[in-house]
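Here this note's numbering is used: position 200 in the sequence shown is 213, and no number is missing along the way.
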Amino acid sequence: FVNHSVVDFTQSEVRSAFPKAIDQVRKNLGRTYPLLIGGREVITQDTLPSENPAKPEEIIGLICQAGRKEIDSAIVAAKQAFPAWRDTSANDRAQYLFRAADIARKRIYNLAAWQVLEVGKQWDQAYADVGEAIDFLEYYGREMIRLGKERRMGRAPGELNHYFYQPKGLAAVIAPWNFPLAISCGMSSAAIVAGNCVLYKPSGLSSVVGYTLAEIFKKAGLPNGVFNYTPGRGSVIGDHLVDHPDISVIAFTGSVEVGLRIIERAARIKKGQTNVKKVIAEMGGKNAIIIDDDADLDEAVVHVLNSAFGFQGQKCSACSRVIVLKPIYDRFIWRLVEGAKSLQIGPSEDPANFMGPVVDREAQKRIVEYIQIGKKEGKLLISTGVPAEGYYVPLAIFADIKPEHRLAQEEIFGPVLSIMKAETFDQAIDLANSSKFALTGGVFSRSPRHLEQARKQFRVGNLYLNRGITGALVERQPFGGFKMSGVGSKAGGPDYLLQFMDPRSVTENTMRRGFTPVRDDDDYI
Ligand code: NAP
């Protein structure tokens with residue numbers, strides 16, 4: 014397995030491919046997107062518009078919305094498809110993922126362009142998202158081939174023990190908008206390759222990108238009913254999907270509020286239910302980077318800016334707290350703020366802009382409210398201007414934030430960075446850990462002793478030493494947190510697929526008396 018390479022803008026054909034792909038996508042805006050249930054397109058009266066956050070009057074598409082009735086028919090389709098899919102060999106199931114990866118590779122600029130317009134991703138970020146989707150397909154395909162081999166257990170004479178896995182059944186995949194293809198593709202492909210049939214609910218804010226995933230799986234030839242595209246309002250169908258007695262596994266990525274609600278509801282057994290539901294929930298973060306007093310600031314400043322403000326800070330892995338050792342507090346802050354002043358804000362389709370719009374009006378309102386809270390809790394160091402049209406928010410940096418402040422504890426999911434001062438490295442670690450979340454974290458230090466201490470004591474799912482804290486790669490940095498950041502094994506890691514399957518063991522006594530020869534009815538005596 015090798016990761017898909019990052020985008021190379023030194024190649025002129027790569028630079029020209031983006032505007033071309035964006036123009037092409039623009040010609041296809043405003044279409045109506047059906048649901049896909051059991052291989053059939055289903056049109057509903059109820060549709061939801063998806064808009065370009067940089068230009069809200071530009072409608073990306075109208076997405077048919079599943080109600081309870083459509084979810085029920087998708088359950089029927091998935092149940093029908095399940096026995097044959099379950100009994101398809103692991104190797105054959107993996108081939109569908111490899112085909113899907115080939116299709117995505119060929120369409121990479123087109124798939125990225127849809128993200129630029131639907132959620133305001135920058136070119137490089139959108140390309141990386143598609144690259145990650147391809148990585149999930151390639152990696153989980155290989156993982157299933159590995160796990161699909163029966164294992165012989167023990168070596169006791171007269172006995173054969175075999176250990177193997179079977180899929181859990183029907184999976185609900187409930188995805189966020191911020192990595193609109195990668196996360197949707199990762200959760201869905203894992204469920205599918207493990208032998209489950211999927212009902213996929215994309216976020217209402219990125220359902221057109223969600224449809225591109227359905228197109229890829231369709232083109233890869235997945236049997237009807239194995240992957241069902243069922244977008245719908247979380248507030249309308251979310252509970253129905255989660256509560257459904259025929260759903261055995263729920264793969265969710267999103268906010269802690271929705272994640273905990275799903276975990277609670279999934280634990281209640283409904284009439285006719287025969288499985289205990291498994292919930293995989295990847296949730297939020299309040300991630301910190303520690304700047305030690307001997308840190309290389311040339312490195313630290315650039316990486317903090319990227320980790321905090323890349324894709325407008327709308328990554329679960331984004332840096333939202335910087336904890337700076339007292340001796341370099343003032344110098345670091347001065348350089349960080351000067352660096353931040355150089356970041357241009359505007360539509361993501363223009364590569365001159367470092368930051369684009371946030372995803373919708375609600376996010377814009379929420380982030381602006383946090384900036385007001387920050388003004389009361391700390392000292393506002395910078396708040397940049399924003400374009401008049403579109404859902405933009407200023408990039409904001411606050412100093413003198415204390416651990417008890419809301420800015421230090423709550424996930425904002427926008428370009429708002431809080432700076433905290435630490436007297437000692439021990440205190441910096443304590444501050445970093447003083448959050449209900451434990452997703453990512455980072456340390457910039459030249460001290461091997463401090464880096465070693467951070468390895469042991471900085472308790473997060475993904476810790477990065479002397480580098481940025483976003484952009485985890487499949488297989489190289491399996492991704493996911495604990496505490497309130499999630500329950501489940503890391504995405505893109507060696508344990509991930511196991512969550513979609515149940516292990517079985519078969520023991521045979523081979524010390525039997527005699528045996529029946531292969532039976533051929535014609536000459537059987
Ligand atoms: P969200 O509001 O929790 O929504 C996530 C998904 O849940 C959407 O598809 C949403 O549908 C659906 N949903 C809403 N209410 C539901 C209900 N009652 N039952 C079932 N599903 C329901 O999160 P988001 O705004 O899309 O994403 C941002 C959050 O995701 C942040 O907190 C971020 O940290 C987290 N995140 C975590 C990771 C990770 O790996 N740990 C990765 C990416 C993002 P609608 O769109 O229709 O409401």
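Note that beta-carbon positions come from the ideal geometry of N, C-alpha and C, so glycine has one too.
Note that the coordinates shown come from a computational prediction; the quantities given were computed from them, not determined experimentally.
Please state whether DSSP places I147 in a helix, a strand or coil.
-> helix
Leaving aside the five residues before and after K283 along the sequence, list all residues of the same chain whose C-beta is less than 7 angstroms from its C-beta, in chain order.
-> D256, P258
Using the rule of at least 16 other Cβ atoms within 10 Å of the residue's Cβ for burial, across every protein chain shown, is D59 buried or exposed?
-> exposed
How should W347 be labelled, buried or exposed, when 16 other C-beta atoms within 10 angstroms of its C-beta is the threshold for buried?
-> exposed
Would you say the beta carbon of G301 comes nearer than 7 angstroms to a heavy atom of the ligand NAP?
-> The sequence shown places Ala at residue 301, not Gly. For the ligand NAP, not one heavy atom lies less than 7 angstroms from the Cβ of A301.
Nearest-angstrom Cα distance between F345 and I395?
-> 14 angstroms
Beta-carbon proximity list for V339, same chain, < 8 angstroms, skipping 5 on both sides = Before going further, note that residue 339 is Lys rather than Val in the sequence given. Counting only Cβ-Cβ distances below 8 angstroms, and skipping sequence neighbours, we find D306, K434, A435, E436.
DSSP on I538, reduced to helix/strand/coil?
-> Note on I538: pLDDT 48, under 50, position unreliable in the model; no value is reported.
Which value, in whole angstroms, describes the spacing of the CA atoms of F457 and G267?
-> 29 angstroms
Which value, in whole angstroms, describes the spacing of the CA atoms of I121 and G208?
-> 27 angstroms
Would you call the region 243-250 and the region 274-294 in contact, with 3 or more CB pairs under 8 angstroms?
-> no
Looking only at its own chain, which residues have a Cβ that is under 6 angstroms from the Cβ of Q138, when we skip the five neighbours before and after it?
-> F324
Exposure of P189, with buried meaning 16 or more beta-carbon neighbours within 10 Å = buried
Could you pull out every unbroken beta strand (DSSP E) segment of at least 3 residues lying fully inside the region 377-433, listed in chain order?
-> 392-396, 409-412
Less than 7 angstroms between the CB of L235 and some heavy atom of the ligand NAP, yes or no?
-> no
Could you tell me if the beta carbon of R246 falls within a distance shorter than 7 angstroms of some heavy atom in the ligand NAP?
-> yes
With a threshold of 7 angstroms, establish whether the CB of M296 neighbours any heavy atom of the ligand NAP.
-> yes
Inter-residue CB distance, A195 and F149 (contact presumed, cutoff 8 angstroms) = 7 angstroms
Limits of the beta strand (DSSP E) - the one that E70 falls within = 68-77
Starting from H175, follow its DSSP beta bridges and name the residues at the other end.
-> R165, V519
What is the rounded straight-line gap between the Cα of R155 and the Cα of G391?
-> 49 angstroms
Use the C-beta contact count for I410: other C-beta atoms within 10 angstroms, 16 or more gives buried, fewer gives exposed.
-> buried
Any chance you could list the beta strand (DSSP E) runs of at least 3 consecutive residues sitting entirely within the region 259-289, in chain order?
-> 260-266
Presumed contact (8 angstroms Cβ cut-off) between E488 and G298, rounded CB distance = E488 to G298, Cβ: 21 angstroms. No contact.
Work out the CA separation of F450 and A441 for me, nearest whole Å.
-> 16 angstroms
Output the distance between the C-alpha atoms of T225 and K214, rounded to the nearest integer angstrom.
-> 13 angstroms
DSSP state of N16, grouped into three classes?
-> coil
Rounded to whole angstroms, what's the CA-CA distance from L160 to M514? Just pull it up for me.
-> 10 angstroms
Using the beta-carbon count (16 or more within 10 Å), is S18 buried or exposed?
-> exposed
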